Structures are given as structure tokens and as C-alpha cells.
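Protein chains in written order, with the numbering used here: chain A, 1 to 347; chain B, 348 to 617; chain C, 618 to 902. C-beta: ideal position from N, C-alpha, C; glycine also. No experiment lies behind these values; they were computed from the predicted model shown.
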Amino acid sequence: MKAMILKEFQELRRDRRTMAMLIALPIVLLVIFGYAANFTITSITTHVVGPNAAAVTGAVPGLFDVTGTDASGTSQDAKDLVRDNVADVVFDTNTTPFTAYVDGSSLFSAQTAVGALNAVPSEQLTVEVLYNPDLTTSWVMVPALVGLILTFIGTIITSIGLVRERQTGTLEQLAVMPLRPSAVIVGKIAPYFILASVDMIVVTLLGVWIFGVPFNGNPWLFAVGAAIFLFVVLGIGVLISTASQTQAQAIQLAMFVLMPQILLSGFIFPLSAMPAAISWIGYCLPLTYFVEISQGIMLRGAGFGSLWVSFAVLAGMAIVIFSAAVLRFRADLAPRAPRHADAEAAS
Amino acid sequence: MTWGARDLTVRYGSVTALDGVTVDVVPGEVVALVGGDGAGKTTLLRAIAGAVRPASGGVESPGVARIGFMPTQAGVWRDLTVDENIAFVGASQGVRGADLAQRRAALLEATGLTAATDRLAGDLSGGMRQKLAFSLAMLHRPPLLLLDEPSTGVDPVSRVDLWRMIAAAAAGGAAIAMATTYLDEAERAANVVVLDSGEVLLRGEPGAILERVPGHVRTTPTRAAGTATWRRGHEFREWVPEDPPPGTARAADLEDAVVAASLAKEAAHA
Amino acid sequence: MPDALLTAHRATRTFGSFVAVDSVSLEVRPGEVVGLLGANGAGKTTLIRMILGLLGVSGGAVTLFGQAPSRATRARLGYVPQGLGLWDDLTVKENLAFVGETYAQAPIPVPDALAGLSSHLAGGIGLGRQRQVAFAAALGHSPELLVLDEPTSGVDPLSRARLWDAIHAAADAGVGVLVTTHYMQEAQQCDRLLLMSQGRAVAEGGEADIIGDTRAVAVLTEHWSDAFEALDAAGIMTMLAGAHVRAVDASQAQVSAALGAIPARLEVVPATLEEAMVARERAGS
């Protein structure tokens, strides 16, 4: 039995991906849960509009970080600021009593804000939570879940499907057939694109139907955003498949990519509550931007004007990642440059 | 002490893998089990090793600890070095200390792996890997060796080396049963048993087995009518159920004999 | 003389400083069956990959149907790799349909012999059947050249005979066939052989050409295991056939000396194809 244990260790030592998971994963989780897992918001982006803006600005608690004021702003302007995600809380001094509009789609900020504002007597201040009046968690989760499902299918499922071809040896068979590399790539990815799209529609509909999540914005804009995002995650899936020899390896690599996105894209732990050293990772992840898009469109009815940054970032990622994926995949199908791995297989 | 299978029947669910098969494995001799994929060779070896329970009939074996088993593909641990493989198998089989060192040295030299002890088994060529797998099966000097297609896919040069190791083991007194699809290898064994769909199609010593074929095989310059014909190079062969003319062999070699016996069986079942 | 379907002219392939294929010349004409023999590491698979267009050529040239290998030439070629290249999760019918559509825009019909297995998963049928399907797929689009890598490895002699019947039928119809094999009986089925060793072509022609002058000394004795060990100890390449010992590529004098006191009758005989192959391989290394 001792020999068995020794052998297992020896084999494990050489399985680099599993070793990486064994060592890296606890460290990563520790860091994330230590620093990132923080529901306590200490600073909420706030605007103040209306004739008494200046006075109110000076009077608000430190929790509310006033980043802009507009003395000539109307109540509609105040609501637009919230819809366009310029601020999570806007104090409207046009009304009597003053109104505080709270962005219900930024769940944690909203909860913190409401908690603080409820201490103010209601004759002085009306609190109105927009877009998610009951501060329902599922309303914020479902749009993010759509993104998560797309990520899941795009990375894990796609990479498994592509690696299966490599594992059974039929990839070489395709390379010998009169098929253009582009035909192979498109042919292999298209089913996953379609499946992911269908899944997304189903989840969105179920979310609206079962949980009553609103869909206030433009569905076409939503679809465009989802399509761009799909290209990003499908590209990641193809890249993973070109770096894996077996389906097990593909899954491991996909998990590496998936885990940070679940934890650091802002839909479980708010990005604004994380220290900058951790939150910057979140800003490198595609899911973060899609969550902004889906929450913005579904809950706030936001338009392209306020979301263009997220669209642009995703489009950029899509171009870079998808191009890299296609290039690497083509390399597997077309005549190759010498590599030492081939020398081993030479026979 | 003769080992092997006696009137052995093995079933996997509704599939009969072996049907009333008797094979003797005699110390100092190699018996070749010949047959294509699905003939029952692996099942037979595994049954003798005790890994499969018979539906009827029985096996004679010296017990798991005194058997050396070399499976078709997975005989080595690819993520371990040659040395680590030997150490692990040695420890599992109870071969230790000076005995292990001596066996290790002897087997490494016979396989030509002395310089490769730190190589990962997965990085060895197919032939080297099979030689290592054979060494691992032989490590504890078992009196019964069961080899499942030891040289399939191995290049002819390494195949010769493997055969030498096998012959040496037989010369050393081991009883060896070897499954193979290479008929030229089977012709080198002391005894040949040809399996087809779980039944024994032909058996005998390589020289005598040719005369056990039902009917005989004729060589014809062009393809004869009927379906019992096949091509060997530029000539054609035809199997007929009649006895050969006096002084003529029933079949020229083992390959013709096996094809003929297979066709005879097909004709009988038609 | 019809034009060659495939030519390799002093084809060379290097990986860094490692020369996998060294100036190998080869030709396959319509209706010919050419066999490629050699140990693992001899360069057979690398050469085939160069022919198929999967690997580029470092030196020399490879032409397929008179041109450099390209996507257009692929359509006129049928390839059955060692792993068969079938999709295990598709049925026999679906496999043939996909290959047919890709090559000829029409599905390949399931051959009569396999009709009963048409809706079985390719991964679930026996090896002999799988090889038949792979053949049908390769032949289905009427290729002019067939490249087969170990086409009958693992199948029983009757199935092997039937597969070779199909190969010969194709050759008779004008298809050129290039085969690699480790079975000596299969080598005998070829019109011409090319023996490779360590990247180089070391012998070419019919079986007799490959065997060349290599001889063996048959040792007829009752003490076969002693004789075997004695010859082996003397460093002579020794083959064992049942209870017959053969010393390859050694002179009668050498064998006699090695045997010493063991009584035996010696006879000089031509080497077998396999013995000749191994002898050349050893001579080269």
C-alpha cells in the first residue's frame, strides 16, 4: 500500500495542471474571500440636483460620495442620472420633501443607502428606489446569470466539444479532407453559438416570467451585447481547446477561467467594495462588462449612450480573443512549422 | 503442473465471449492464442488470471501472486519513470532488496533500457514501452506468464527483441500463454490455438496444425468462382471442402490454414 | 507508362537538428500497391504526413498528381490512418454521409456487407467492421490514390484477406495504393516495397530485393535453448522459430564457434523478409 501512495504522488507531481489547481486554488480563494468578499459598501457615488444642491451636498453623510451637482437639474434629470448609471443615489431638491432616488439595480449600494436614509425622518426626505423597488436579489441575479450561462457554454462546453475531436484523432482526418479551415471552425462553433443563444433566451424568459424580473430596455440592444459577449467566450473556449490534449485538461483550464469571473465580475461581491488591488482583475474580465450591459438594459432600460463603454470593451476583447483563437486553430489544420513534439511522434 | 482453461465458458450479459474452450499452458513452452478482435483472446487470458468469473468450466492457475500479466496497452504507468515503474511493481509483488536489484539489472539489460531509467515511461517508443511492460510482468519470476498481444503495433525490430525475451523466459521454465494477431509469431510457438468468436477453430503444433484444416486450399492463377476465394499477392487461393490429392498439404502456411478454417466454419453455419 | 500519382524526390524533413526523413525518393503509379516498411522511428509516418500535405518539406520535393500537395489534391486522395479516423459518436451511415458530402457533395451509400450495421454507432462495432467502414469512406469518393496506415492491424486472417481483396480490387481498377505495415504477410501482398531505416531508404524493390544477400544459418539441434543462449551470448542475431534456432547475418564458422560443444547440424538458408529487415536495421545503427 505504501508503494501505491508513493506512486500516486509521483504521478501527481507530473500532472502540472492538477498541481497548479492544488496549489494555486487555495491561495486564490483565500485572497478573494479575504479581500473581495465584502458586502459592506463604504462609499456610494452620489449626485445632487435642484435649487438646494449646494446645501444638501454639505449635509449628506460621508457614506454618500458626491461626485457631481446640478443646481438647474430637474426631477427627470435626476432619474436619468440613475438610469444612465452615473450615480447610484441622486438627491432631488426640486421636490418637497426632497427625494432620494436610489438605483435598485446596484443591489448592495442600494441596500446600504436605504439603510442609511431610513434614519432620516420621512418629512424631510422621501426615498424612492428605482428599477428594483423591493430590492429583490433575484432581479439583480438573473441578468447576471444570463451572462454566466453564456460563459459556461462558451468556455467549458465548447472546449470539451472541440477537444473531443483532438482526443479521438479525427482532427487529423479533418485536416486531410478538402475542407477550408474556416469551414471547419465555423462548422464546429456554430452549434454552440446557437445553443448558447437559445439558452440565453430561455433563461431571460424564465427570469421574467417566474421571478418577475422586468425587461425595461431594448431587446435588440440586449441581443447585440449578448452576441458580442458570445464571441468573446467562444473565442476563449476555442483557445482552451487548442491548449488541451484531453477533455479533462480542457475542463481544468476552463475552470481556471470561469472561477475568477464568477467571483470577481461584480454580481456576487460588489466591485466597488473591493480594494483596488483586487477589483482591477474584475475590470479585465469580460463577464463584468456583460453584467453591466444586461443589468442596465433589463432593469434600468438604459440605452447605448450610457453603456457604450462596456460595448466597446467587449467588442475589443472579441476581436482580439477570437482572432487569436482562429489563428491557433488554423495552425492545427494547415501544414505546420517544425515543432519538437513532432520529432517525438516521428515514425 | 499444467495450467490453463478447461471447457471454459464466459458470458458478458447476453454475449458469449468464450464457449467451451480448453487450452493447456505447459511450463517451458509458449502457447500462441491467435484470433482477431473479438475472438476471445483477452477474455481467455483474464479468465485464467482469475479476473473474470466463468459461467461454466474452470481454470487452473497458480494463484494471482504467481502470475505475470501483461495487458494489451496499459502495462506501464506513463507518468512514472522506468525506475519508478520497477520500484512500484517490485514493492507490490513483494520483490525487495538485493533480489529486486538483481532482477532490475538483468531485465534492464535484456530490454536495453539501462540508460533510460530516468525517462518517463510515456516518453518511450512503443517497442520500448512494451519491453518495459514485459519486464514488469516478469519481475517476480512468475511460473505462469499471460501476455495479451505483447507486440501489436510494435515495429519488427523490437518484436524480435520481445520474442527473444519471451523465449528466454520459456527456456527458464515459465509457462507462457501469448495472444497475438501476428501469425508468423504464432508459428514460432510450441503450440497454437486459433480462436474465432469464442470458440476454438484450430489447434495443434505449428507444423501439424496445417493438416487439421478441413478440406484443403488450392492456388489458382485467376480468381475461382464462388465466395471461398481470396488473394495472396499475385495469386489466388481457393478453399474447397474435399480432401487434398495424396501427397499435397492441406494448407501451405498458418495464414492459409486459418482463412480456410474460418471459411469452413462460415460454410457450416450458412 | 502512365504518370505517377505520387512522387517524392529526395524528400527531406528536419526538426531542428534532427533529420526525420533523409532524401527519400518514392513513386506510386496507377494500379500499383507500394508497401512502406520500417521500424518505429524510421520516418514512415513523417513521410506520409509530407505526402498528405500535413507537414511541409525541408528539402527535395513531394508531388501529388503532378502538383504540390494542396486542398485540391486532397479531394483525389483517400486516407485511412492508424486510428481509422471514424467519428465514434456517429453511426456508420452518418460517418459515410459526412465524408461523402465533404468530398463529393453526396453521401456515400452503406456497402451491402455493412447494411445491417448502418445505424450502429461507429464506436460500438468490432474492429474488423470498423476497418471496413473506414475503407468504404476512403474509397467512396473514387480517389485516384489510397494511403493506408497499418490497414489490417489487429484483425483476424479472414477479415484481413477480405480487406486485401478490396485493396487489390481498387488497384485493378487503376487506383494507386501506398501502404505501411508491420505484417510480413502483408508486405508480400505488395507489388513493390520500400524499406526505411532512420530516415533513409535502405532497400527497394520486390521481396527478393529487400532480402538481398542476407542469409541465415538454420541450427538443427535437440538442445535448442542451449544453442539459443550460446548464440545470443556471442552477440549473434538469433531468431527462434518454435524449436528451431536461426542465426541471422552470421557465417557458418561464426555459428560453429559460438555453439562450441553443443551438437548441431548447420544449414545456410535465405533470410526471411523480417530477418533481413532487422539485420539491416542493426547494421545501420
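Find the residues of chain A that neighbour Phe435(B), judging by a C-beta separation of less than 9 Å, and give them in chain order.
By Cβ distance, chain A contributes Ala3, Met4, Leu6, Lys7 and Gln10.
Which chain C residues sit within Cβ distance under 7 Å of Ala175(A)?
The contacting residues are Leu671.
Helix, strand or coil for Gly717(C) per DSSP?
In this structure, Gly717(C) counts as helix in the three-state DSSP scheme.
Write down every uninterrupted run of the alpha helix (DSSP H) in the segment 185 to 273 of chain A whose length is 4 residues or greater and which is fully enclosed by it, in chain order.
DSSP runs (the alpha helix (DSSP H)) wholly in the segment 185 to 273 of chain A: 219 to 242 and 247 to 264.
Relative to the alpha-carbon of Asp103(A), which residue among Tyr131(A), Thr95(A) and Gln76(A) has its alpha-carbon at the smallest distance?
Taking only the C-alpha atoms, the option nearest Asp103(A) is Tyr131(A).
Nearest to Pro489(B) by CA position, among Ser472(B), Ala462(B) and Ala522(B), is which residue?
Nearest of Ser472(B), Ala462(B) and Ala522(B) to Pro489(B), Cα basis: Ala522(B).
In the DSSP assignment, what are the bridge partners of Trp586(B)?
In the DSSP output, where bridge partners are listed per residue, Trp586(B) has Val564(B).
Could you check how far apart the C-beta atoms of Leu486(B) and Val442(B) are, in whole angstroms? I think they sit under 8 Å.
Right, their Cβ atoms sit about 6 Å apart.
Please list the partners that Arg166(A) has in chain B, where partner means a Cβ-to-Cβ separation under 9 Å.
The contacting residues do not exist; Arg166(A) stays about 17 Å from chain B at best.
Just list the beta strand (DSSP E) runs in the segment 5 to 38 of chain A, keeping only unbroken ones of 3 residues or longer that don't cross its boundaries, in chain order.
Whole beta strand (DSSP E) segments, 3+ residues: zero.
From Val886(C) to Ala835(C), what does the alpha carbon distance come to, in whole angstroms?
If I take the Cα positions, the gap works out to 7 Å.
Ordered along the chain, which non-local residues of its own chain (more than five positions away) have a Cβ less than 6 Å from that of Thr464(B)?
Around Thr464(B): Val429 and Asp430.
Could you name the residues of chain B that Arg17(A) contacts, counting a contact when the two beta carbons are closer than 8 Å?
Going along chain B, no residue has its Cβ under 8 Å from Arg17(A), so there is no contact; the nearest lies around 12 Å.
Name the residues in the segment 730 to 758 of chain C whose C-beta lies less than 8 Å from a C-beta of chain B; which are they?
If the cut-off is 8 Å between Cβ atoms, the segment 730 to 758 of chain C has Gly743, Leu744 and Gly745 near chain B.
Here's the rule: buried if 16 or more other CB atoms are within 10 angstroms of the residue's CB, otherwise exposed. What is Tyr289(A)?
It is buried - the Cβ of Tyr289(A) has at least 16 other Cβ atoms within 10 Å.
Quick check on Pro191(A) - is its C-beta less than 9 Å from some C-beta in chain C?
Not an interface residue.
Express the C-alpha separation of Ala223(A) and Trp781(C) in angstroms, rounding to a whole number.
In a straight line, the C-alpha of Trp781(C) is about 57 Å away from that of Ala223(A).
Output, in sequence order along the chain, the residues in the segment 786 to 808 of chain C whose CB is closer than 8 Å to any CB in chain A.
Listed by position along the chain: nothing, the set is empty.
From Phe682(C), Ala851(C), Ala864(C) and Gly676(C), pick the residue whose C-alpha is nearest to that of Glu761(C); which is it?
Selected option, being the one with the closest Cα: Phe682(C).
Hey, is Val641(C)'s beta-carbon within less than 9 Å of any beta-carbon in chain A?
So, not an interface residue.
DSSP puts Ser403(B) in a beta bridge; with which residues?
Looking at the DSSP assignment, Ser403(B) forms a beta bridge with Thr356(B).
Determine the direct distance from the alpha carbon of Pro724(C) to that of Gln749(C), and round the result to whole angstroms.
Their backbone Cα atoms lie some 17 Å apart in a straight line.
Is Asp866(C) close to the ligand FAD? I mean its beta-carbon at under 8 Å from any heavy atom of the ligand.
As presented, the structure is devoid of all ligands, the ligand FAD included, so that no description of it is given.
When the Cα atoms are used, what is the spatial distance from Ala343(A) to Arg466(B)?
For Ala343(A), the predicted model reports a pLDDT of 39, less than 50, meaning its position is unreliable; a value from the coordinates is still stated below. If you take the alpha carbons of Ala343(A) and Arg466(B), they lie about 16 Å apart.
Between which two residues does the alpha helix (DSSP H) containing Pro774(C) stretch?
It spans Pro774 to Asp789 - the alpha helix (DSSP H) in which Pro774(C) sits, taken as one unbroken run.
Give me the DSSP bridge partner(s) of Trp350(B).
In DSSP, Trp350(B) forms a bridge with Val372(B).
Is Pro51(A) closer than 9 Å to Asn418(A) when the C-beta atoms are compared?
No answer is possible for residue 418(A): the residues shown for chain A start at 1 and end at 347.
For His563(B), count neighbouring Cβ atoms within 10 angstroms of its own Cβ and tell me buried if that reaches 16, exposed if not.
Buried, since its Cβ has 16 or more Cβ neighbours within 10 Å.
Anyone know if the C-beta pair for Leu890(C) and Gln805(C) falls short of 9 Å?
Yes. Within cutoff.
In whole angstroms, what is the alpha-carbon distance linking Ser642(C) and Val547(B)?
If I take the Cα positions, the gap works out to 46 Å.
So His861(C) is in the beta strand (DSSP E); what residue range does that whole segment cover?
Where His861(C) is concerned, the enclosing beta strand (DSSP E) stretches over His861 to Val865.
Would you verify that the beta carbon of Val872(C) is, or is not, closer than 9 Å to some beta carbon of chain A?
Val872(C) does not count as touching chain A.
Please classify Tyr289(A): does DSSP put it in a helix, a strand, or coil?
Note: Tyr289(A) maps to helix in three-state DSSP.
With a CB to CB cut of under 8 Å and the five nearest residues on each side skipped, what residues in its chain are close to Phe39(A)?
Contacts found: Phe108, Phe269, Pro270 and Ala273.
Answer with buried or exposed for His758(C), where buried requires no fewer than 16 other C-beta atoms within 10 angstroms of its C-beta.
When all chains shown are included, His758(C) counts as buried.
Using beta-carbon positions only, say whether Gly225(A) and Ser306(A) come within less than 9 Å of one another.
Not closer than 9 Å, so no.
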